[in-house]
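Enquirer: Residue numbers (this note's numbering): 6 to 239.
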């Protein structure tokens, strides 16, 4: 005699948090994917699509959104959404880091409540080269390149601009045949920028300037221009 025996699984396993550090790093004003390496819950009784997250307290420096519609904040998502790279954090441009409070449940057991940290990396504009420009005596012009003046930024806007804040006393800057008070980092890389001495009795000049991108600026900078004598007096 034969019997058909059907075993119905019992949902007796509660969701278990697998991520050791609930943390996401994002550039100021940018957006970043919240992936499984940042947020991972597993449940032996449930598929990832059945593990539902609810945001209890919104981030204080941005919002969570689906990749398909980054302009709309969301309150709910699943582990399957996280695993497939659909959940993103959109940072609001402030420099402060933040947190959000969430719950996760399989629909049967008591929700698990946790705090998630959102670290903001500030946008930085940094001078990496500020070396005196040397003009050999007898010459009236010298090319200024990135070996004397160079900056970098971690921002999305990579176009770095320079602007003279005080007129040069004994000369001026030129790109080609045009006198300029503004120039770009690209002009330094390509060797298009030059300093022209108009007072041949001067032994030095000072270039006072600021630099900026669409996201940041750096003021009060000084580049020294020195005339180097051909004959050293002992």
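We put the CB at the ideal spot given by N, CA and C, even for glycine.
Source: prediction; values computed, not measured.
Give me, in chain order, the residues of the same chain whose beta-carbon lies closer than 6 angstroms to that of residue 38; leave out the 5 immediate sequence neighbours on both sides.
Expert: Excluding residues within five positions, the ones whose Cβ falls inside 6 angstroms are 90 and 93.
Enquirer: Report yes if the CB atom of residue 104 is closer than 8 angstroms to the CB atom of residue 123, and no otherwise.
Expert: Against a cut-off of 8 angstroms, the Cβ pair of residue 123 and residue 104 comes out as a contact.
Enquirer: Please identify the residue among 52, 138 and 227 whose C-alpha is closest to the C-alpha of residue 167.
Expert: Residue 167 has its Cα closest to that of 227, out of 52, 138 and 227.
Enquirer: Taking buried to mean at least 16 other C-beta atoms within 10 Å of its own C-beta, is residue 95 buried or exposed?
Expert: Its Cβ being crowded by 16 or more others within 10 Å, residue 95 is buried.
Enquirer: Under the three-state reduction of DSSP, which class applies to residue 226: helix, strand or coil?
Expert: Residue state, collapsed to three classes: strand.
Enquirer: Would the segment 70-78 and the segment 132-147 be scored as touching if the rule is three or more Cβ pairs under 8 angstroms?
Expert: Taking 8 angstroms as the limit for Cβ pairs, the verdict is that the segment 132-147 does not touch the segment 70-78.
Enquirer: Whole angstroms are fine: how far does the CA of residue 66 sit from the CA of residue 55?
Expert: The alpha-carbon atoms of residue 55 and residue 66 are separated by roughly 29 angstroms.
Enquirer: Please go through the segment 100-158 and give each complete beta strand (DSSP E) segment of 3 or more residues, from N-terminal end onward.
Expert: Those beta strand (DSSP E) runs which fall completely within the segment 100-158 and span 3+ residues are 103-110, 117-126, 130-135, 138-141, 146-148 and 154-158.
Enquirer: Which stretch, first to last residue, makes up the beta strand (DSSP E) that contains residue 18?
Expert: Looking at the DSSP string, residue 18 is not in any beta strand (DSSP E), and its letter there is neither H nor E.
Enquirer: Of all the options 174, 102, 221 and 32, which has the alpha carbon lying nearest to the alpha carbon of residue 205?
Expert: Of 174, 102, 221 and 32, the residue nearest in Cα terms is 174.
Enquirer: With a 10 Å radius around its C-beta and 16 neighbouring C-beta atoms as the bar for buried, classify residue 194 as buried or exposed.
Expert: Answer is exposed; the Cβ neighbour count stays below 16.
Enquirer: Check whether the segment 219-233 and the segment 147-160 are in contact - that is, three or more C-beta pairs closer than 8 angstroms.
Expert: Touching, yes.
Enquirer: Please classify residue 141 as buried or exposed, where buried requires at least 16 neighbouring CB atoms within 10 angstroms.
Expert: Exposed, by the Cβ-count rule.
Enquirer: Closer than 6 angstroms by C-beta to residue 80: which residues in its own chain qualify, once you throw out the five before and the five after it? Chain order, please.
Expert: Excluding residues within five positions, the ones whose Cβ falls inside 6 angstroms are 60.
Enquirer: Does residue 12 pass the burial test, meaning 16 or more other C-beta atoms within 10 Å, or should it be called exposed?
Expert: Caution is warranted here: a pLDDT of 49 is assigned to residue 12, below 50, making its placement in the model unreliable, and the coordinate value is therefore given only provisionally. By the 10 Å Cβ count, residue 12 comes out exposed.
Enquirer: Excluding the 5 residues flanking residue 152 on each side, which residues of the same chain have their C-beta closer than 6 angstroms to its C-beta?
Expert: Closer than 6 angstroms at the Cβ level, and outside the excluded window around residue 152, lies no residue.
Enquirer: Do residue 203 and residue 181 have their C-beta atoms closer together than 8 angstroms?
Expert: For residue 203 and residue 181, no; Cβs fall outside 8 angstroms.
Enquirer: What's the gap between the Cα of residue 85 and the Cα of residue 44?
Expert: Whole-angstrom Cα-Cα distance: 11 angstroms.
Enquirer: Among the residues of its own chain, which have a CB less than 8 angstroms from the CB of residue 77, if the five just before and after it don't count?
Expert: Cβ neighbours of residue 77 beyond the five flanking positions: 70 and 71.
Enquirer: Flag this pair as yes or no: are the beta carbons of residue 57 and residue 126 separated by less than 8 angstroms?
Expert: It is not a contact, given that the beta carbons lie outside the stated cut-off.
Enquirer: Quick check on DSSP: helix, strand or coil for residue 42?
Expert: Coil.
Enquirer: Measuring straight from C-alpha to C-alpha, what distance separates residue 186 and residue 143?
Expert: Their Cα atoms are separated by approximately 25 angstroms.
Enquirer: CA-CA distance, residue 234 and residue 183?
Expert: Computed Cα separation, rounded: 28 angstroms.
Enquirer: Measuring only the C-alpha atoms, how far is residue 15 from residue 112?
Expert: With a pLDDT of only 49 at residue 15, under the threshold of 50, the placement of this residue in the model should not be trusted; the figure read from the coordinates follows. One C-alpha to the other measures close to 13 angstroms.
Enquirer: Any idea what DSSP makes of residue 23, helix, strand or coil?
Expert: Residue 23 falls in the coil class under three-state DSSP.
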